[in-house]
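Asks: Numbering (our numbering), first residue to last: 229 to 340. Ideal Cβ positions, reconstructed from N, Cα and C, are used throughout, including at glycine. Small disclaimer: the values here were computed from a predicted structure and weren't measured. The structure's right below; bear with me while I get my questions together.
This is the structure we're talking about:
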């Protein structure tokens, strides 16, 4: 049985404020520029900020955090190792986010 994949908190560097340019994100995420643009359009990866001088819709204006890199790696894993299509990946990511929210709520309730 494969090892469970760490949560974004487990895989993020100590400096959580690090932001990556579009080009750095492509390189670090191991994807093509077109694939990153597709992941953005599908809502898998969300830029955290946009910078001048590029227009806001230009991917070169976008900056990404460690969570974006984590999601890109998960998407790649789901596609290549498990054969999940893009529609299925959207469902998986949505369910993972829901589980994370429920776990956070449970931790909060247990702390009361």
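May I ask which residues mark the beginning and end of the alpha helix (DSSP H) holding residue 301?
Replies: First-last of the alpha helix (DSSP H) with residue 301: 294 to 310.
Asks: Answer with buried or exposed for residue 292, where buried requires no fewer than 16 other C-beta atoms within 10 angstroms of its C-beta.
Replies: When all chains shown are included, residue 292 counts as buried.
Asks: Return the first residue and the last residue of the alpha helix (DSSP H) that residue 328 is part of.
Replies: Looking at the DSSP string, the run of the alpha helix (DSSP H) that includes residue 328 is 314 to 339.
Asks: Express the C-alpha separation of residue 338 and residue 252 in angstroms, rounding to a whole number.
Replies: Distance between the alpha carbons of residue 252 and residue 338: 40 Å.
Asks: Report yes if the C-beta of residue 337 is less than 8 Å from at least one heavy atom of the ligand ZN; otherwise report no.
Replies: Because no ligand of any kind appears in the structure shown, any question about the ligand ZN cannot be addressed here.
Asks: Residue 317: which of 246, 260, 261 and 270 sits nearest, CA to CA?
Replies: If we check each option's Cα against that of residue 317, 270 comes out closest.
Asks: Need the endpoints of the alpha helix (DSSP H) that residue 246 sits in, please.
Replies: Here residue 246 belongs to no alpha helix (DSSP H), and DSSP marks it neither H nor E.
Asks: Counting beta carbon pairs with one atom in the region 249 to 264 and one in the region 305 to 315, are three or more of them shorter than 8 Å?
Replies: Touching, no.
Asks: Hey, how far is the Cα of residue 289 from the Cα of residue 250?
Replies: Using only the alpha carbons, I get a separation of about 7 Å.
Asks: Whole angstroms are fine: how far does the CA of residue 285 sit from the CA of residue 328?
Replies: Each residue's Cα considered, the two are about 30 Å apart.
Asks: In angstroms with no decimal places, state the Cα-to-Cα distance between residue 254 and residue 321.
Replies: If I take the Cα positions, the gap works out to 20 Å.
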